[in-house]
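J.:
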Amino acid sequence: MILAIDGPAASGKGTLAKRLAAHFGLPHLDTGLLYRGVAMALLDRGDALSDEAAAERAAQVLAPALLDDPRLRERAMGEAASVVAAQPRVRAALIAFQRAFAATPGGAVLDGRDIGTVICPEADVKLFVTASPEVRAMRRALELRTRGQPADEAEILADIRIRDARDAGRADAPLRAAPDAELLDTSDLSIDEVFTKALALIAPAIRDCTHTRA
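In the numbering used here, the protein residues as written are 6 to 219.
(1) Hey, could you find the ends of the beta strand (DSSP E) Leu34 is sitting in?
(2) With distances taken between CB atoms, is the gap from Phe106 to Ala98 smaller than 9 angstroms?
(3) Is the distance from the Cβ of Leu88 to the Cβ of Ala44 below 9 angstroms?
(4) CB-CB under 8 angstroms to Ala219, same chain, minus the five flanking residues each way: which ones, in chain order?
(5) Excluding the 5 residues preceding and the 5 following Asp11 in the sequence, name in chain order all residues of the same chain whose CB lies nearer than 8 angstroms to its CB.
(6) Beta-carbon separation of Ala156 and Ala163 under 9 angstroms?
(7) Less than 8 angstroms between the CB atoms is what I'm expecting for Leu54 and Ala85, so what's the real figure, rounded?
(8) Suppose you measure from the CA of Leu38 to the CA of Pro126; what does that come to, to the nearest Å?
(9) Roughly how many angstroms lie between the CA atoms of Ile207 and Arg78, to the nearest whole one?
(10) Rounded to the nearest angstrom, what separates Ala173 and Pro13 at their Cα positions?
(11) With a threshold of 6 angstroms on Cβ separation, who are the neighbours of Gly111 within its own chain once the five nearest residues in sequence on each side are excluded?
(12) With respect to the alpha helix (DSSP H) encompassing Gly153, which residues constitute its N-terminal and C-terminal limits?
(13) What number of angstroms, rounded off, separates the C-alpha of Ile161 from the C-alpha of Asp193?
(14) Beta-carbon within less than 6 angstroms of Ala22's beta-carbon, same chain only, minus the 5 sequence neighbours each way: which residues are those?
(15) Can you tell me where the alpha helix (DSSP H) holding Ile10 begins and where it ends?
(16) What is the DSSP secondary structure of Leu67, reduced to helix, strand or coil?
(17) In the DSSP assignment, find the unbroken beta strand (DSSP E) run with Asp116 in it and report its ends.
(18) Which residues bound the alpha helix (DSSP H) around Asp172?
(19) Work out the CA separation of Met6 and Ile211 for me, nearest whole Å.
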């Protein structure tokens, strides 16, 4: 069973994806870390984020072990990732990595921006997780402060609006819900409520998968 979970930054998709993966005993891939990894490789080498050729080379040799680097979770890396993610050659270079992960025997959970539309359009479950920009900014600020990092909520909200516009407006694989995705707005929901709603949305697909195997 493949679970594709898409949505904008700080919508709660990553938290939900991890919990669903643990619940169903499936491996989980935060595909946003791939783009953060490419951005970090460029910055470490002193290359410009706009250098698409350099970004493509970094994507082609991206090592899975790099995804554990704590620097990838920093706010600045998220902004940098949004820049390289808009580059078609980078996205093309990372497609094989993501599809190979999705092909894990037994299934997988992937979260990102284009899982249900580009990476796994055949996914058994597609969720599009969203929340208001204001709520997402508040969540991101809280997350950063919990890690001991400074967080100006107004600045974060401005960054989120810029990222949303960039992600939705890019020519290649823009952020959007797949036509058959279930929409899950987490603005006024707790983590437990989001998880409960997600399970209810996933239930029909689980029954279908069970019947197919039978």
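C-beta atoms are modelled at their ideal positions from N, C-alpha and C, and glycine is treated no differently.
T.: In terms of the structure at hand:
(1) His33 to Asp35
(2) no
(3) In the sequence as displayed, the identity of residue 88 is Val instead of Leu. Cβ atoms of Val88 and Ala44: closer than 9 angstroms.
(4) With a pLDDT of 49 at Ala219, under the threshold of 50, the modelled position of this residue cannot be trusted; read the value that follows with caution. Result list for Ala219: empty, nothing under 8 angstroms.
(5) Lys18, Asp116, Gly117, Arg118, Asp119, Ile120, Gly121, Thr122, Lys131, Leu132, Phe133, Val134, Leu180, Ala182, Ala183 and Ala186
(6) no
(7) 6 angstroms
(8) 20 angstroms
(9) 28 angstroms
(10) 9 angstroms
(11) none
(12) No alpha helix (DSSP H) holds Gly153; DSSP gives it neither H nor E.
(13) 19 angstroms
(14) Ile10, His33, Val114 and Asp116
(15) Per DSSP, Ile10 belongs to no alpha helix (DSSP H); it is in the beta strand (DSSP E), Ile7 to Asp11.
(16) coil
(17) Ala113 to Gly117
(18) Glu158 to Gly174
(19) 8 angstroms
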